[in-house]
């Protein structure tokens, strides 16, 4: 089954890449940041490494 918060964070970070407008991108960035924060608290060490990578990816897109 996996960590659902982790999976949502991954989905939201991906949504930022595919946002069509700046408004949509801004909303997606906010959701992704919130999801990353929530997921981090409930993650394994390996997931935390991936979450940090996603956070870096998000910063590069923003």
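Residue numbers (the working numbering): -15 to 46. Quick reminder that beta carbons are idealized off the backbone N, C-alpha and C, glycines included.
Can you tell me whether residue i is helix, strand or coil according to DSSP?
i: residue 28; result: coil
i: residue 4; result: coil
Rounded to the nearest angstrom, how far is the Cβ of residue i from that of residue j, given a contact under 8 Å?
i: residue 20; j: residue 38; result: 6 Å
By Cβ distance, which residues of its chain are closer than 6 Å to residue i, with the 5 residues on each side in sequence left out?
i: residue 22; result: -11
i: residue 2; result: none
Can you list, in chain order, the residues of its chain whose CB lies under 7 Å from that of residue i, leaving out five sequence neighbours each side?
i: residue 24; result: 32, 35
Hey, residue i and residue j: beta-carbon distance below 7 Å or not?
i: residue 0; j: residue 16; result: yes
With a threshold of 8 Å on Cβ separation, who are the neighbours of residue i within its own chain once the five nearest residues in sequence on each side are excluded?
i: residue 27; result: -13, -11, -10, 35
i: residue 42; result: -3, 0, 13, 16, 17, 20
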